[in-house]
Amino acid sequence: MRLLVLLALLLCSCSHGTENLYERSFYSMGSTVKLKFYSPSEELFHRVVDACVKRTKEIDRLFSNYRDDSVLAEVNRNAGVAPVSVPTEFLRLVRTSIKYSELTEGAFDITIGSLFELWGTETKAGRLPGRSRIRDALGCTGFRKIKIDEVKSQVFLDGDCVRLDFGAIGKGYAVDEMVNIARQNGIKRGLVNFGGNIYAMDPPAGKKFWDVGVRKPGSGSEIISKLDLVDKGVATSGDYERYFEHDGKRYSHIIDPRTGWPAEDVTSVVAVSKTATEADIFSTAVSVLGPRGAKMFARKDKSLGFLVVWKSGKKKSCFGSYACP
Ligand code: ADP
Ligand code: MG
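One point on numbering: in our numbering, the residue at position 212 of the sequence shown is 250, and numbering is uninterrupted.
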């Protein structure tokens with residue numbers, strides 16, 4: 039018996055002892071993916087990263103709105119015209135998106151495409167969208183306009199101006215997929231960061247968690263909050279990196295699907311959740327709903343936590359599992 043215990047201890051320390059930290063970055067969907075994995079070999083590490091690169095290309099091919107040959111582009115082109123047969127994975131993420139639209143009172147809604155396009159083109163042309171155009175684009179918005187045929191695996195957008203946009207879920211989803219690939223290959227300790235959408239896996243040996251720094255809105259590198267994370271996803275949404283500008287006023291690139299206007303109340307939201315997908319979704323939803331939304335979501339699900347930075351830039355509030363700095 040004592041020998042067995044000794045043997046187990048030896049085996050255990052061997053596998054930990056030979057794990058090293060490897061890091062590699064690559065570019066995908068307009069952002070950098072940074073991968074840190076503890077791996078027993080460099081060869082395995084690179085094999086896993088190569089699989090992650092391949093996976094993000096597949097995801098881009100399905101959900102990108104920057105390329106004409108994505109499945110998303112085909113679904114949008116056929117809006118109001120015909121149902122489109124889509125891969126199971128596409129259908130699954132549409133279904134997930136609808137579920138979270140229902141859960142967030144419509145604050146997160148992938149039919150935001152028309153409104154997003156309108157705000158983008160109008161502000162670039164130096165004007166704000168007129169009220170009637172906002173009203174028209176609102177008529178093209180609403181998750182109930184997405185019709186799914188489960189049996190035929192088809193998606194139909196009910197209205198020729200309805201446009202899907204996965205901008206508030208795609209990167210978080212890709213992070214979770216990369217974590218799955220790592221785990222399937224026996225890698226348990228690591229940190230995946232895709233343009234600020236993060237998942238912290240098991241911590242480095244001898245550590246209790248990963249230290250993740252949250253950047254101050256608008257500043258390049260100043261850290262406003264540190265998070266101790268294990269098996270958690272984090273995402274930040276804000277009006278400080280991507281935004282529309284008109285007459286010197288900054289409008290958030292997050293739009294309230296209920297009013298058609300950019301989110302107003304908060305500068306940035308950090309969301310912590312069980313998955314990177316959820317963190318991505320909830321950071322956007324709380325940007326729309328403000329602190330009321332953060333309070334409501336954190337009460338329903340104890341694993342959720344939020345840091346909300348108000349527009350004034352001075353006030354910060356924390357909700358749920360997020361311990362305020
Ligand atoms: P970031 O792009 O800074 O990571 P988000 O994850 O919040 O921020 O995603 C914002 C993007 O999501 C926008 O660029 C747009 O494509 C889309 N979007 C904007 N408003 C909404 C909304 N209310 N619901 C769903 N998607 C949205
Ligand atoms: Mg988001």
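Note that the Cβ used here is the ideal one computed from N, Cα and C, for glycine as well.
Original post:
Taking the C-alpha atoms as reference points, what is the distance between Phe154 and Ser79?
Top reply: In a straight line, the C-alpha of Phe154 is about 45 Å away from that of Ser79.
**OP:** Rounded to whole angstroms, what's the CA-CA distance from Ala383 to Asp187? Just pull it up for me.
**Re:** Residue numbering for the chain in the displayed model covers 39 to 363; residue 383 lies beyond these limits and cannot be assessed.
**OP:** Flag Ser275 as yes when its Cβ comes closer than 7 Å to any non-hydrogen atom of the ligand ADP, and as no otherwise.
**Re:** yes
Original post:
Does the ligand ADP have a heavy atom nearer than 7 Å to the CB of Asp318?
Top reply: yes
**OP:** Just mark Asn58 as buried or exposed, buried being the case when its beta carbon has 16 or more other beta carbons within 10 Å.
**Re:** exposed
Original post:
What three-state label does DSSP hand Asn223 in the structure shown?
Top reply: coil
Subject >> Any non-hydrogen atom of the ligand MN within 7 Å of Phe146 CB >> reply: This structure does not include the ligand MN; its bound ligands are the ligand ADP and the ligand MG.
Original post:
Are the Cβ atoms of Val113 and Val193 separated by less than 8 Å?
Top reply: yes
Subject >> Spatial distance of Lys245 from Gly271 (CA atoms) >> reply: Going from the Cα of Lys245 to the Cα of Gly271 covers about 18 Å.
Original post:
Assuming Gly358 and Gly343 make a contact with CB atoms under 8 Å, what is their CB distance in whole Å?
Top reply: 4 Å
Original post:
Short check: CB of Leu100 to CB of Glu127, under 8 Å?
Top reply: yes
**OP:** Report the three-state DSSP secondary structure of Glu57 (helix, strand or coil).
**Re:** coil
**OP:** Starting from Asn367, follow the alpha helix (DSSP H) in both directions and report where the run begins and ends.
**Re:** Given that the chain is displayed from residue 39 to residue 363, the structure contains no residue 367 and the question cannot be resolved.
**OP:** Give a yes or no on whether the minimum CB-CB distance between Gly180 and chain C is below 8 Å.
**Re:** As a matter of chain content, chain C is missing from the structure shown, which is built from one protein chain.
Original post:
Would you call the segment 311-320 and the segment 195-213 touching, i.e. three or more CB-CB distances under 8 Å?
Top reply: As far as the Cβ criterion goes, the segment 311-320 touches the segment 195-213, which means the pair count is three or higher.
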